[in-house]
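This report concerns only the one structure given below.
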């Protein structure tokens, strides 16, 4: 059997019995019916994912997937390519925004090199409890002139994402988030989202780390050229990843699919993570029900991608950093929903009169 | 001097030096400029409120202000009036939604009786670290036929709110939230919001705990009658509180003003708390800059009230429970913003190349 099919196949539908139990318990909770709005739906879906109503979600993990992109040479980012590796060092040393937010919400951070340019630094390997060397190749090809990677490499990136999940799951986890780092990676993400949502690149391409109007126009042209040169087949997600994707996008796709297969709630972050989620759902449509959209990014095209997935973002704070920052902050909302369902008293247990 | 003026006067403008220091530090943070969107503005305002950039906001307090309402006899709520006292017992016993969410985010809950009907229960008084007996009177008058309370009582409710703040501040606090419990209290809140925003009651009145269309129409008529019978003076906030408000609304108003005076960030919850905030800002316009809107409630009219205050909600989860649930959940967002500003590395300290 194809190793990719073996790794990601077998995702099951949600446990509808658990959903029904959760809904019945919600009716009895000590509050007007459904008075906590979206928190209730969130808790029902977590019940359906896990097959039970957990007391909480204490073991939270965010994976920051890193990779470099040949298309950086087209001038689509304000930052030099070396920043990808510098930020990997920053994550490992606990200096970045995702580190601060993860400490704040009690999550652990895992940094994974799926395709960073240049050698693996010894200091990264020393951080063996938070760093994985899963490098498929040192950076993708320039999608404006050819494919990002081979089909074999695309498959390998996804498989390595599932391998990270397997190893982290062996340490114990209750919920995961997706994060990314890769200079220029909003460009391949925009290409993937354009193909999989059937949208014109103009509607999808955004300012990334802060492009001006001229930079934005150039970036949209680069995406358009990438689609013309590579002609990715929208019905073949692996082809889309290979031709216009990125190694970290493939890794995240594997992380998402492995989470769904293991019945773990998966919180996706912004633009890059949502490109990975579109690929994951295209490969295995049942994965969708395991996903929560952590936040709505300020990046143009993100709302369209979320609509395509049928996901409503939990937070709307105009964040556009990546690293998993929005998804990791949203852990707090999902865990609140779960605790309301499992820890609150009922009208009966509290001795409070019910409404009409 | 008028004791109310003495208690709530002297609120100062934000510390603009601290705001400027916060903005300068933000420019150096290890991320593309302003990439965390609204989190940055939040952190700047906290700096201006506190006059410094704190490491975090560990001591969080939510006050759940409780009171009963004579207008309950008009059939404006689905729940019997006795639920107010039953829920006060529930809060003290740690059984309610606000207790679960407060434990989740590490906040302490303070329950205050500003005007619950019936006697104070011995078990409440035994919970002396989390309960305050600040009862002005056992329930307001029916605003559909006369004033809610006297002008003297309105002033007293606000003063007692400031007294709760004073006592809690002596235990130590870094941020506070407002919460409420009072069967029928969306009705006086709608009346207060209608008067202070100059809106027709039809635009403001909502379904509360779950009224149907007929109940909604009746409730709007009750508010309209309350305004016709009482003719509250929109330029005199104390008159508005006395004629169509509630004891817990007055208590929250005092809590808010005392927080602003002490330079503590104040997170307001939903519909009832926002009515209290409108009164507070009408009494002392400088209080506005100390307020954060925790969430956008599902209750009609809430967005209009927030617009009038110039506040954008942090969460939009269609919650409509009260108790302070939305504001307390939003503590997490504000503290994340503060920690990003104070705990993240800069480009220089991390040795990462800057963008163009």
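Protein chains in written order, with this note's numbering: chain A, 6 to 361; chain B, 6 to 361.
Where a beta carbon is used, it is the ideal one built from N, C-alpha and C, also for glycine.
Since the structure is predicted, the reported quantities are computational estimates derived from the model, not experimental observations.
{"Item": "Neighbouring residues, chain B, relative to residue 337/A (Cβ below 8 Å)", "Value": "109, 110, 334 and 337"}
{"Item": "Beta-carbon gap between residue 367/A and residue 42/B smaller than 7 Å", "Value": "This structure cannot settle anything about residue 367/A, because the visible part of chain A is limited to 6 through 361."}
{"Item": "For residue 120/B, the residue or residues it bridges with in DSSP", "Value": "72/B"}
{"Item": "Contact list for the segment 278-309 of chain A against chain B, Cβ threshold 8 Å", "Value": "303"}
{"Item": "Nonlocal neighbours in the same chain, by C-beta distance under 6 Å from residue 122/B, ignoring five residues either side", "Value": "73, 143 and 144"}
{"Item": "Chain A contact for residue 352/B (CB, 7 Å cutoff)", "Value": "no"}
{"Item": "Interface flag, residue 358/B vs chain A, CB-CB below 7 Å", "Value": "yes"}
{"Item": "Residue 215/A at chain B interface by Cβ criterion, 7 Å", "Value": "yes"}
{"Item": "Sub-7 Å separation of residue 255/B and residue 163/B beta-carbons", "Value": "yes"}
{"Item": "Interface positions of the segment 83-111 of chain A facing chain B (Cβ-Cβ less than 7 Å), listed along the chain", "Value": "83, 84, 85, 87, 88, 91, 92, 95, 100, 101, 102, 105, 106 and 109"}
{"Item": "Cβ of residue 42/A within 7 Å of any chain B Cβ", "Value": "yes"}
{"Item": "Listed by chain order, chain A residues near residue 324/B by CB distance under 8 Å", "Value": "40, 41, 42, 43 and 44"}
{"Item": "Chain B within 7 Å of residue 348/A, Cβ atoms only", "Value": "yes"}
{"Item": "Straight-line gap, residue 318/B to residue 345/B (C-alpha atoms, nearest Å)", "Value": "20 Å"}
{"Item": "Member of 21/A, 336/A and 102/A whose CA lies at the smallest distance from the CA of residue 325/A", "Value": "102/A"}
{"Item": "Cβ contact (3+ pairs, closer than 8 Å) linking the segment 207-218 of chain A and the segment 241-254 of chain A", "Value": "no"}
{"Item": "Coil, strand or helix - residue 3/A by DSSP", "Value": "Within the shown structure, residues of chain A are numbered from 6 to 361, placing residue 3/A beyond reach of any answer."}
{"Item": "For residue 92/A, the three-state DSSP class (helix, strand or coil)", "Value": "helix"}
{"Item": "Beta-carbon proximity check, residue 159/A vs residue 232/A, cutoff 7 Å", "Value": "no"}
{"Item": "Stretch-stretch touch, CB-based, cutoff 8 Å, three pairs: the segment 201-214 of chain A with the segment 299-310 of chain A", "Value": "yes"}
{"Item": "Expected contact under 8 Å - CB spacing of residue 334/A and residue 110/A to nearest Å", "Value": "7 Å"}
{"Item": "Contacts that residue 330/B makes with chain A (C-beta to C-beta distance below 8 Å)", "Value": "41"}
{"Item": "Cβ-based burial, residue 285/A [other Cβ within 10 Å; buried from 16]", "Value": "buried"}
{"Item": "Beta-carbon proximity list for residue 8/B, same chain, < 7 Å, skipping 5 on both sides", "Value": "164"}
{"Item": "Residue-level contact to chain B via CB, residue 3/A, 7 Å cutoff", "Value": "This structure cannot settle anything about residue 3/A, because the visible part of chain A is limited to 6 through 361."}
{"Item": "Element boundaries [beta strand (DSSP E), containing residue 298/A]", "Value": "296-298"}
{"Item": "Cβ pair residue 332/B, residue 294/B closer than 7 Å", "Value": "no"}
{"Item": "CB contact check: residue 270/B to chain A, cutoff 7 Å", "Value": "no"}
{"Item": "Under the three-state DSSP convention, the category residue 65/A falls into", "Value": "strand"}
{"Item": "Simplified DSSP assignment, three categories, for residue 174/A", "Value": "helix"}
{"Item": "Residues of its chain near residue 224/A, where Cβ-Cβ distance is below 7 Å and the 5 sequence neighbours each way are ignored", "Value": "81, 192, 210 and 216"}
{"Item": "CA-to-CA distance, residue 196/A to residue 343/A, given in whole angstroms", "Value": "36 Å"}
{"Item": "Residue 134/B versus residue 115/B - alpha carbon distance", "Value": "8 Å"}
{"Item": "Same chain only: Cβ atoms within 6 Å of residue 199/B, ignoring 5 sequence neighbours per side", "Value": "206 and 209"}
{"Item": "Whole runs of the beta strand (DSSP E) within the segment 178-266 of chain B, excluding any shorter than 3 residues", "Value": "180-186"}
{"Item": "C-alpha distance - residue 20/A paired with residue 269/A, whole-angstrom precision", "Value": "12 Å"}
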